[in-house]
Amino acid sequence: MRHRQIAVVGAGMAAARFTAQLLARDPGAAVTLFGDEPHAPYNRALLADVLTGRYQADAIGLPAPEHPGVHVRTGVEVTAVDTAAHTLELADGSFAAYDTLVMATGSNPVLPPIRNLHCTSNTGEGGELKQGVHAFRTLEDCARLAEAVPGATRAVVVGGGILGVSAARALAALGLPVEIVHQAPYLMERHLDEEGGAALHRALAGLGVAVYPENRAKSVGGTDRAEGVVLANGYRLDADLVVLACGVRPRVGLARAAGLDVRTGIVVDDTLATSAPDVYAIGDCTEHAGLVHGLAGPAWEQADVLAAHLSGADAAYRGSRVFARLTAGPVEIAAFGEVDALPGTADVIRLADPTRGSYKKLVLRGDRLVGGILVGDLATVGALTHAYERDEPVPEDPLHLLITQGAPQ
Ligand SMILES: Cc1cc2nc3c(=O)[nH]c(=O)nc-3n(C[C@H](O)[C@H](O)[C@H](O)COP(=O)(O)OP(=O)(O)OC[C@H]3O[C@@H](n4cnc5c(N)ncnc54)[C@H](O)[C@@H]3O)c2cc1C
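Note that my numbering has the sequence shown beginning at 232, numbered continuously upward.
Written out as structure tokens, the structure is:
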């Protein structure tokens with residue numbers, strides 16, 4: 232009997248999870264992953280650890296199950312989707328047919344509006360990025376950055392969100408003086424409150440990372456090679472390494488050209504179905520209930536639901552309880568939920584220990600945990616995650632969720 236052919240565009244974290252879950256539920260499934268990177272799927276969230284040398288590149292692989300029904304085609308870009316004919320066009324001009332299509336195209340790094348990011352000697356603006364200017368999204372980006380670090384003397388990271396902080400931490404661990412330029416008033420403002428941002432700022436200073444909040448990088452100095460970054464206030468930071476960490480945007484060009492409903496991301500319903508028949512989407516490229524995420528947790532939850540749905544189970548995706556977490560380094564952070572609940576709408580417990588560089592906050596509504604921050608001491612993160620994700624009543628004395636001794640793990 233011919234099995235239904237499932238094609239997945241993108242061989243990243245969502246695709247890997249989907250394939251493993253689908254095979255676990257339906258061992259007869261036939262899945263082909265088309266990925267434009269030269270690698271089989273890998274855990275992108277561990278790239279900073281590859282940069283610091285904590286992991287080898289091959290240790291972060293997310294191999295697809297060894298199974299006759301699973302094919303992973305790497306280095307293959309899908310250039311067009313014909314949703315009526317149920318075919319994909321590939322960059323080499325060949326075609327592949329599908330019965331069911333899963334778009335898992337991830338996201339692209341946002342290139343900030345900074346003058347002279349590109350080489351200016353031959354091509355003017357818009358050519359190659361200047362030598363020394365790096366994005367940080369793929370294993371290739373990571374390898375290029377690792378190659379550049381030994382010859383570099385100073386680094387500037389543009390963007391102080393989770394990605395920028397992760398990159399800065401890794402570069403500092405490699406012995407480089409690092410400066411972060413961040414537009415918002417404090418670091419990781421999408422995930423932390425102001426005090427948490429300040430605690431992180433102090434902790435990074437201890438690693439030799441300087442932070443310039445409420446500042447914007449205006450231009451990159453140098454002709455073909457980065458020599459520094461000029462800020463909007465006119466201040467110049469010398470740097471021969473510039474890392475762009477200004478967020479990501481869902482990669483939706485292919486879906487849009489195929490006529491799928493796309494807003495910021497590819498619009499999906501609770502079964503992860505797009506507007507086209509037999510076409511689904513999961514991961515960073517999606518928009519569900521008006522939300523795009525750009526984090527691994529929601530990508531995996533969507534992959535799980537779609538695998539269940541396509542195996543005939545009654546499964547629905549109702550959104551994700553998002554956790555931002557930066558672990559395994561000298562400054563660890565976890566944050567989730569309503570960290571800035573308005574006074575009077577929730578109870579707030581804070582523990583700040585500037586000497587030891589930790590800051591902890593719980594936001595409670597009644598007996599439920601609705602938000603939290605841990606900076607510098609993640610000893611109780613397991614208990615917090617448990618209480619938040621399961622929406623279970625917190626202990627009589629919620630301080631136990633913040634203090635190490637006797638804390639349930
Ligand atoms: C440095 C870094 C650190 C991160 N840290 C964290 C973290 O700590 N916690 C967290 O939750 N999240 C983190 N993230 C985000 C997390 O990696 C993403 O949310 C996750 O990878 C999303 O999975 P995805 O499969 O949707 O996209 P991806 O993993 O990006 O996979 C998409 C794949 O599709 C390929 N593709 C796109 N279009 C095509 C096409 N037309 N043809 C063929 N292939 C195509 C892409 O090249 C890519 O390989 C981090 C990301 C980065 C870059």
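Virtual Cβ for every residue (Gly too), placed ideally from N, Cα, C. Here the structure is a predicted model, which is why all the values come from computation and not from measurement.
- Per DSSP, the beta-bridge partners of L593 are I580 and G603.
- In the three-state reduction of the DSSP assignment, Q287 falls in the coil class, being assigned neither a helical nor a strand state.
- Counting other Cβ atoms within 10 Å of its Cβ, A488 stays below 16 and is therefore classed as exposed.
- Around the beta-carbon of S325, fewer than 16 other beta-carbon atoms lie within 10 Å, marking it exposed.
- Considered as a whole, the stretch 471-499 harbours 484-488 as its complete alpha helix (DSSP H) runs of no fewer than 4 residues, in chain order.
- The beta carbons of D424 and K591 sit no closer together than 8 Å.
- Within its own chain, the residues whose Cβ lies closer than 8 Å to the Cβ of C516, once the five positions on either side in sequence are excluded, are G241, M334, A335, T336, G337, S338, P481, R482, V483, A486, G496 and I497, listed in chain order.
- In the pairwise beta carbon analysis, the stretch 252-270 is classified as touching the stretch 288-308: at least three pairs are separated by under 8 Å.
- Inside the stretch 273-348, DSSP marks whole beta strand (DSSP E) runs of 3 or more residues at positions 301-304, 309-313, 318-321, 326-328, 331-334 and 338-340, from first to last along the chain.
- DSSP, reduced to helix, strand and coil, places L264 within a strand of the structure shown.
- Apart from the 5 residues on each side of it in sequence, E359 sits with its Cβ closer than 8 Å to the Cβ of H349 and C350 in its chain, given in chain order.
- Contact check for T283 against A401 passes: the beta carbons are separated by less than 8 Å.
- In terms of side-chain proximity, the C-beta atom of M244 is found nearer than 7 Å to a non-hydrogen atom of ligand 1.
- For the options I411, E569 and L609, the alpha carbon positioned closest to that of E563 is the one of L609.
- Under the three-state reduction of DSSP output, G452 falls in the strand class.
- Residue D469 holds the alpha-carbon nearest to the alpha-carbon of L407 among D469, F249, D501 and N347.
- In the DSSP secondary-structure assignment, L557 is bridged to I564.
- For L526, the Cβ falls inside the 7 Å cut-off from some heavy atom of ligand 1.
- Secondary structure at T250: helix, using DSSP grouped into helix, strand and coil.
- When rounded, the separation of the alpha-carbon atoms in A398 and V474 is 8 Å.
- Bounds of the alpha helix (DSSP H) holding V612 are V612 to R621.
- Counted as a single uninterrupted DSSP element, the beta strand (DSSP E) harbouring D469 occupies residues R467 to D469.
- The beta carbon of T616 lies closer than 7 Å to those of F554 in the same chain, with the five residues before and after it left out.
- DSSP places A534 in the uninterrupted alpha helix (DSSP H) bounded by A527 to L541.
- Here V570 is not bridged, per DSSP, to any residue.
- Between the alpha carbons of L503 and T250 lies a distance of about 15 Å.
- In terms of Cβ geometry, G392 and A476 form a close pair [threshold 8 Å].
- F567 has its alpha-carbon roughly 19 Å from the corresponding atom of H519.
- Residue environment for D330: exposed (fewer than 16 other C-beta atoms within 10 angstroms of its C-beta).
- Between A322 and V307, the gap from beta carbon to beta carbon is short of 8 Å.
- R421 counts as exposed, since fewer than 16 other beta carbons sit within 10 angstroms of its beta carbon.
- By the CB criterion at 8 Å, L278 and S542 fall outside the cutoff.
- If you ignore the 5 residues before and after H540, its C-beta comes within less than 6 Å of the C-beta of T502 and A546, all in its own chain and listed in chain order.
- Just measuring C-alpha positions, the residue of L600, T505, A383 and V523 sitting nearest P626 is L600.
- The shortest C-alpha to C-alpha distance from I411 to any of R385, P381 and G427 is the one to R385.
- Shown here, V460 sits in a strand according to DSSP, grouped into three states.
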